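Inspection log for the structure reproduced underneath, given as structure tokens.
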Amino acid sequence: MTLNYYTELLSRIRSLSIVLEEEDSSKTPEIITISQVDSKLIKLLMKDYDSPFYIPLPSDVPQIPNITQCILKRGNIISIRLPLADIKLDRSTNQSMTMSTNYKWNSTYLKRKIGKYSFNCIKCDYKLLNSNDIETVLDMPSSLWAEMMDFWHCHKPETDDSPLVLDKFKQFKPKQNGILTGPFYIAINFEDDNHKLIKDEFKLKCKNCETFIGESCEDPKNKENLDRLFYWNLKLSHNKGNEIYKPYYQTMETILENVNGSATRIIEFKNIEETKSILIWVFNIGLDVVVKDIGILKNSMKLYYTKDPKEIEEERTNRGEIEIVDTEDFILDATIERLSEINAKLPKSIRSMGKHWKLAFLSKDEESTGVVGSSFLNQLQALKSQITYNVILIARGKGSVISKDYKPLDISNWKQLTENLTDKNLSTEGLVEYLTKSPLPTILVDNTSDGTISSSYAELVKNGISIATPNKKGFSSDLKSWKELFTNAQGENAGLVYHEATVGAGLPIIGTINDLVGTGDEVEKIEGIFSGTLSYIFNEYSTADPKDVKFSDIVKVAKELGYTEPDPRDDLNGLDVARKVTIVARLSGSEVESPTSFPVQSLIPKDLESVESASGFLEKLPNYDHELQNLKDEAAKENKVLRFVGKVDIPNKLVSVGVEKYDYSHPFASLKGSDNVISIKTKRYQNPLIVQGAGAGADVTAAGVLADTIKIAQRIAK
Numbered sequence: 006m007t008l009n010y011y012t013e014l015l016s017r018i019r020s021l022s023i024v025l026e027e028e029d030s031s032k033t034p035e036i037i038t039i040s041q042v043d044s045k046l047i048k049l050l051m052k053d054y055d056s057p058f059y060i061p062l063p064s065d066v067p068q069i070p071n072i073t074q075c076i077l078k079r080g081n082i083i084s085i086r087l088p089l090a091d092i093k094l095d096r097s098t099n100q101s102m103t104m105s106t107n108y109k110w111n112s113t114y115l116k117r118k119i120g121k122y123s124f125n126c127i128k129c130d131y132k133l134l135n136s137n138d139i140e141t142v143l144d145m146p147s148s149l150w151a152e153m154m155d156f157w158h159c160h161k162p163e164t165d166d167s168p169l170v171l172d173k174f175k176q177f178k179p180k181q182n183g184i185l186t187g188p189f190y191i192a193i194n195f196e197d198d199n200h201k202l203i204k205d206e207f208k209l210k211c212k213n214c215e216t217f218i219g220e221s222c223e224d225p226k227n228k229e230n231l232d233r234l235f236y237w238n239l240k241l242s243h244n245k246g247n248e249i250y251k252p253y254y255q256t257m258e259t260i261l262e263n264v265n266g267s268a269t270r271i272i273e274f275k276n277i278e279e280t281k282s283i284l285i286w287v288f289n290i291g292l293d294v295v296v297k298d299i300g301i302l303k304n305s306m307k308l309y310y311t312k313d314p315k316e317i318e319e320e321r322t323n324r325g326e327i328e329i330v331d332t333e334d335f336i337l338d339a340t341i342e343r344l345s346e347i348n349a350k351l352p353k354s355i356r357s358m359g360k361h362w363k364l365a366f367l368s369k370d371e372e373s374t375g376v377v378g379s380s381f382l383n384q385l386q387a388l389k390s391q392i393t394y395n396v397i398l399i400a401r402g403k404g405s406v407i408s409k410d411y412k413p414l415d416i417s418n419w420k421q422l423t424e425n426l427t428d429k430n431l432s433t434e435g436l437v438e439y440l441t442k443s444p445l446p447t448i449l450v451d452n453t454s455d456g457t458i459s460s461s462y463a464e465l466v467k468n469g470i471s472i473a474t475p476n477k478k479g480f481s482s483d484l485k486s487w488k489e490l491f492t493n494a495q496g497e498n499a500g501l502v503y504h505e506a507t508v509g510a511g512l513p514i515i516g517t518i519n520d521l522v523g524t525g526d527e528v529e530k531i532e533g534i535f536s537g538t539l540s541y542i543f544n545e546y547s548t549a550d551p552k553d554v555k556f557s558d559i560v561k562v563a564k565e566l567g568y569t570e571p572d573p574r575d576d577l578n579g580l581d582v583a584r585k586v587t588i589v590a591r592l593s594g595s596e597v598e599s600p601t602s603f604p605v606q607s608l609i610p611k612d613l614e615s616v617e618s619a620s621g622f623l624e625k626l627p628n629y630d631h632e633l634q635n636l637k638d639e640a641a642k643e644n645k646v647l648r649f650v651g652k653v654d655i656p657n658k659l660v661s662v663g664v665e666k667y668d669y670s671h672p673f674a675s676l677k678g679s680d681n682v683i684s685i686k687t688k689r690y691q692n693p694l695i696v697q698g699a700g701a702g703a704d705v706t707a708a709g710v711l712a713d714t715i716k717i718a719q720r721i722a723k
């Protein structure tokens with residue numbers, strides 16, 4: 006059983022709303038007990054669930070009274086409303102969002118919260134502007150300020166000591182060697198020598214890689230240059246890390262401007278060519294919510310949106326107050342992609358309102374929960390074992406918690422512990438040094454997909470540090486690195502290497518192959534459906550009526566349901582399957598050089614490989630439906646279905662990934678949903694072994710990693 010959840014803090018009515026939904030609609034979840042672990046976490050014990058279920062809270066809630074009350078059940082859905090009457094909360098709409106300067110990188114943030122900083126090129130990380138060279142940092146006055154000035158018949162200042170208004174950009178000019186921060190750009194006024202930009206007519210480009218950064222114009226009054234740099238082309242680098250500005254933040258700024266300026270709640274965003282648009286209804290602002298597999302969204306906008314042209318036209322006709330905003334393609338695409346991504350992660354019961362409106366949230370302040378790592382820590386915390394596991398380091402993207410004296414961290418409050426990360430993430434060398442000095446045997450649990458960490462596995466193992474990980478990159482990169490890792494693992498006092506979850510999440514695939522080979526058996530062939538995403542797509546495609554449902558339709562549905570990556574091309578290119586096939590081939594004795602050293606069939610039409618956005622790709626994909634439809638028709642004539650598989654033939658030294666045909670009687674043909682299935686034929690098992698089950702998901706992946714951790718601990722303890 007798999008639970009999805011959504012949590013919302015309703016500060017105006019002093020309550021907390023939680024929606025729990027069992028993804029299998031035929032099953033009915035039942036809460037045994039519900040308790041509050043701390044101000045950040047609720048714990049549920051569920052009937053028929055092996056381990057406790059933890060739900061992060063969207064904001065600090067010191068104590069929830071009457072925690073067992075207000076639980077409503079409806080089929081596979083449980084709604085919980087927890088009263089917070091005794092808690093002091095702001096019952097007004099979040100004014101910090103609607104009225105104050107809410108720019109991502111405003112003057113207060115730059116001057117007081119991050120210390121020394123620089124604005125770097127988003128592409129090559131070249132330092133374009135250094136805080137040491139900036140004399141003044143001010144915020145751009147908002148549109149509300151300008152409107153109030155006009156309302157009270159005030160004249161905007163135009164003295165030498167004050168900003169000017171330029172006709173080209175309708176923006177204010179900073180003082181010499183100063184910057185003004187705006188909603189989606191910074192205006193700068195520097196001599197050319199004080200920044201690393203080159204000018205190409207009115208375009209500003211990175212001096213190192215010539216990436217477009219911003220625009221330049223000449224003040225007609227005194228012939229001085231005024232430049233503005235767009236945030237989405239910059240990276241803000243400082244001692245606490247790096248930050249980027251996501252293009253959909255600009256949509257948020259536009260929404261706030263309309264809500265504040267004219268109380269408009271229905272806004273249509275369309276591209277300049279008027280070929281696509283989205284209608285957004287601003288339902289609420291300033292909310293703290295939690296969406297499973299996304300994280301905590303602070304100070305967010307609750308929105309309903311529709312892309313349906315008929316619905317948009319009806320709203321234009323029926324409502325006179327719709328604001329229409331022209332926007333750049335890449336900003337519109339990024340907004341649509343983010344809204345779709347959030348919507349796909351919500352419980353199905355709340356994703357839609359009516360026929361066309363879908364629910365989503367936008368936020369600039371997001372706290373990723375690190376879904377596999379979070380699930381791992383929750384499962385480790387609930388584990389009952391004779392072996393004591395002392396966690397001495399927890400690292401996240403933005404920092405770490407490190408036990409300097411190697412005393413165990415209290416993981417019963419790990420969420421609270423990682424709220425304020427006081428330590429920087431260690432370098433590879435620093436990590437090796439820290440773990441090597443541990444007085445007890447050490448296991449590094451790497452729940453990331455980071456290539457830098459995985460490239461250090463060989464060095465870690467050589468120094469006696471064991472590895473448990475779902476990170477495929479450490480085992481599917483070049484063959485030389487693979488050999489170095491497992492050669493080091495054979496050394497005296499070397500660490501152990503377990504990576505069951507790199508293929509099939511928690512399914513026993515890696516362990517089965519290792520056991521077969523370790524007992525003297527010889528693998529002859531491996532064949533399998535290694536991708537949950539492509540499993541779902543082809544399972545649905547096989548049964549779809551070609552008159553009503555095309556391949557592109559199923560890809561779109563898969564994305565909406567959250568089966569695909571934010572850009573479906575990351576699944577359709579076949580490379581994820583190729584990495585998994587590389588791993589099982591190497592374990593079986595084939596010296597595969599890399600995931601690109603054998604034939605991999607991409608399902609992405611060549612003409613669409615260079616399309617900039619995921620939404621642009623999905624719009625054009627229907628033009629190529631006939632290619633897969635022809636394959637499907639050929640298979641149907643032979644009483645077969647199509648499946649996307651990886652194949653390893655050891656005797657003939659053949660490895661491949663692509664679409665294959667299978668008889669209706671074949672185990673692959675009867676697969677349902679997003680399950681994985683792997684067939685292993687060996688010298689002993691001429692009738693192949695079949696391993697089948699859920700091959701994706703944070704909980705099953707974390708369970709696979711935890712099982713590996715336990716195996717390592719048991720071997721070390723002997």
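First residue of the sequence shown? That's 6 in our numbering, and the numbers climb one at a time after it.
The beta-carbon is built from N, C-alpha and C at its ideal position, and this holds for glycine as well.
Small disclaimer: the values here were computed from a predicted structure and weren't measured.
Report yes if the CB atom of I193 is closer than 8 Å to the CB atom of I203, and no otherwise. Mapped onto the sequence shown, residue 193 falls at position 188. Mapped onto the sequence shown, residue 203 falls at position 198. No; because the gap between Cβ atoms is not below 8 Å, this pair is not in contact.
Would you check if there are 3 or more beta carbon pairs closer than 8 Å linking the segment 672-692 to the segment 711-720? Contact fails: fewer than three Cβ-Cβ distances are below 8 Å.
Within the chosen definition, does the segment 506-520 reach the segment 625-637 through at least 3 CB pairs nearer than 8 Å? Judged by Cβ distances under 8 Å, the segment 506-520 makes no contact with the segment 625-637, as fewer than three pairs qualify.
What does a CB cutoff of less than 7 Å around K369 pick up in its chain, not counting 5 residues either side in sequence? Taking the first residue of the sequence shown as position 1, residue 369 is located at position 364. For K369, same chain residues with a beta-carbon under 7 Å away, outside a window of 5 residues either side, are K109, Y254 and M257 in chain order.
Where the alpha helix (DSSP H) through E725 begins and ends: Residue 725 lies beyond the range of the chain shown here (6 to 723); nothing can be said about it.
Taking the alpha-carbon positions, what's the Q666 to A473 distance? Along the sequence shown, one-based indexing puts residue 666 at 661. Along the sequence shown, one-based indexing puts residue 473 at 468. Checking the sequence shown, residue 666 turns out to be Lys, not Gln. Approximately 36 Å, taken between the alpha carbons.
Distance, N430 Cα to R767 Cα: Nothing can be reported for residue 767, as the shown portion of the chain is limited to 6 through 723.
Which residue wins for smallest C-alpha separation from A365, given the options I399, L308, S390 and G435? Your numbering for residue 365 matches position 360 in the sequence shown. It is L308.
What residue range does the beta strand (DSSP E) around K78 cover? As a working mapping, residue 78 is identified with position 73 in the sequence shown. From DSSP, the beta strand (DSSP E) with K78 extends over I76 to R79.
K128 versus T33: straight-line alpha-carbon distance, rounded: Within the sequence shown, numbered from 1, the residue matching residue 128 stands at position 123. Within the sequence shown, numbered from 1, the residue matching residue 33 stands at position 28. If you take the alpha carbons of K128 and T33, they lie about 49 Å apart.
State the beta-bridge partners of E318 as determined by DSSP. Start at 1 with the first residue of the sequence shown, and residue 318 comes out as number 313. Answer is none; E318 lacks a bridge partner.
Do you know offhand how far K585's Cα is from I531's? Locating residue 585 in the sequence shown gives position 580, where the first residue counts as 1. Locating residue 531 in the sequence shown gives position 526, where the first residue counts as 1. Straight-line Cα distance between these residues: approximately 12 Å.
Just the C-alpha distance for E632 and G579, rounded to the nearest angstrom, thanks. Start at 1 with the first residue of the sequence shown, and residue 632 comes out as number 627. Start at 1 with the first residue of the sequence shown, and residue 579 comes out as number 574. Rounded to the nearest whole angstrom, the CA to CA distance from E632 to G579 is 17 Å.
Taking its Cβ as the centre, do 16 or more other Cβ atoms sit within 10 Å of Y2, making it buried, or is it exposed? An answer regarding residue 2 cannot be provided, because it is not within the stretch 6 to 723 covered by the chain.
I'd like to know whether the C-beta atoms of I470 and T447 end up nearer to each other than 8 Å. Locating residue 470 in the sequence shown gives position 465, where the first residue counts as 1. Locating residue 447 in the sequence shown gives position 442, where the first residue counts as 1. Pairing I470 with T447 gives a Cβ-Cβ distance under 8 Å.
C-alpha gap between D630 and I341, whole angstroms: The count along the sequence shown starts at 1 and reaches residue 630 at position 625. The count along the sequence shown starts at 1 and reaches residue 341 at position 336. The alpha-carbon of D630 is positioned some 23 Å away from that of I341.
Between the Cα of S602 and those of Y131, F124 and S661, spot the shortest distance and give me the residue it belongs to. As a first step, residue 602 is located in the sequence shown; it is residue number 597 there, counting from the start. If we check each option's Cα against that of S602, S661 comes out closest.
Going by beta-carbon coordinates alone, are S390 and L398 separated by less than 8 Å? Looking up residue 390 in the sequence shown gives position 385. Looking up residue 398 in the sequence shown gives position 393. Inclusion of S390 and L398 in the CB contact set at 8 Å is not warranted, their separation being larger than that value.
Can you tell me the Cα-Cα spacing of I18 and V296, whole angstroms? Numbered from 1 along the sequence shown, position 13 holds the residue referred to as residue 18. Numbered from 1 along the sequence shown, position 291 holds the residue referred to as residue 296. Their backbone Cα atoms lie some 21 Å apart in a straight line.
Buried or exposed by the 16-neighbour rule on C-beta atoms within 10 Å, applied to K240: Walking along the sequence shown from the start, residue 240 turns up at place 235. Within 10 angstroms of the beta-carbon of K240 lie 16 or more other beta-carbons, which makes it buried.
Going by C-alpha to C-alpha distance, which of D144, L115 and E273 sits closest to N137? Counting from 1 along the sequence shown, the entry for residue 137 is found at position 132. It is L115 whose Cα lies nearest to the Cα of N137.
DSSP three-state assignment for L501, whether helix, strand or coil: In the sequence shown, counting from the first residue as 1, residue 501 sits at position 496. L501: coil per DSSP, three-state reduction.
Euclidean distance between Cα positions of P314 and F543: On the sequence shown, position 309 is the one that residue 314 refers to. On the sequence shown, position 538 is the one that residue 543 refers to. Going from the Cα of P314 to the Cα of F543 covers about 29 Å.
If we call anything under 8 Å between Cβ atoms a contact, is I416 one with D331? To locate residue 416, count along the sequence shown from 1; it is residue 411. To locate residue 331, count along the sequence shown from 1; it is residue 326. It is not a contact, given that the beta carbons lie outside the stated cut-off.
Assign N468 to one of three DSSP states: helix, strand, or coil. For this step, residue 468 is matched to residue 463 along the sequence shown. Secondary structure of N468 (DSSP, three-state): coil.
Could you pull the DSSP bridge partners for S432 from this structure? Against the sequence shown, residue 432 aligns to sequence position 427. DSSP output for S432 lists no bridge partner at all.
Evaluate A741 with the Cβ neighbour count: other Cβ atoms within 10 Å of its Cβ, from every protein chain shown; 16 or more gives buried, anything less gives exposed. Lying outside 6 to 723, the shown extent of the chain, residue 741 is not represented and no answer is given.
Is the CB-CB distance between K48 and S40 below 8 Å? Counted from its first residue, the sequence shown places residue 48 at position 43. Counted from its first residue, the sequence shown places residue 40 at position 35. Going by C-beta atoms, K48 is nearer than 8 Å to S40.
Give the single residue among W419, V142, L209 and Q384 whose Cα lies nearest to the Cα of N238. The residue given as residue 238 occupies position 233 in the sequence shown. Out of W419, V142, L209 and Q384, L209 has the C-alpha closest to the C-alpha of N238.
Within the segment 329-408, note down every full beta strand (DSSP E) run reaching 3 residues or more, in order along the chain. Correct list: 362-367, 370-372, 398-401 and 404-407.
Drop a sphere of 10 angstroms on the beta-carbon of P444, count the other beta-carbons inside from all chains shown, and report buried for 16 or more, exposed for fewer. Reading the sequence shown from its first residue, position 439 is the one you call residue 444. Exposed.
Mind checking I392: buried by the 16 CB within 10 Å criterion, or exposed? Numbered from its first residue, the sequence shown carries residue 392 at position 387. It counts as exposed.
Which residues bound the beta strand (DSSP E) around L14? Residue 14 sits at position 9 when you count from the first residue of the sequence shown. Residues L8 to L15.
Could you check whether the Cβ of T113 sits closer than 7 Å to any heavy atom belonging to the ligand GTP? By its list of ligands, the structure shown contains no ligand whatsoever, and the ligand GTP lies outside what it can speak to.
Which residue spans inside the segment 111-139 form an unbroken beta strand (DSSP E) run of at least 3? Segments of the beta strand (DSSP E) lying fully in the segment 111-139: 122-126 and 132-135.
Any chance the segment 638-655 sits against the segment 588-600, with 3 or more Cβ pairs inside 8 Å? By the C-beta criterion, the segment 638-655 is judged to be in contact with the segment 588-600, since at least 3 inter-stretch pairs fall below 8 Å.
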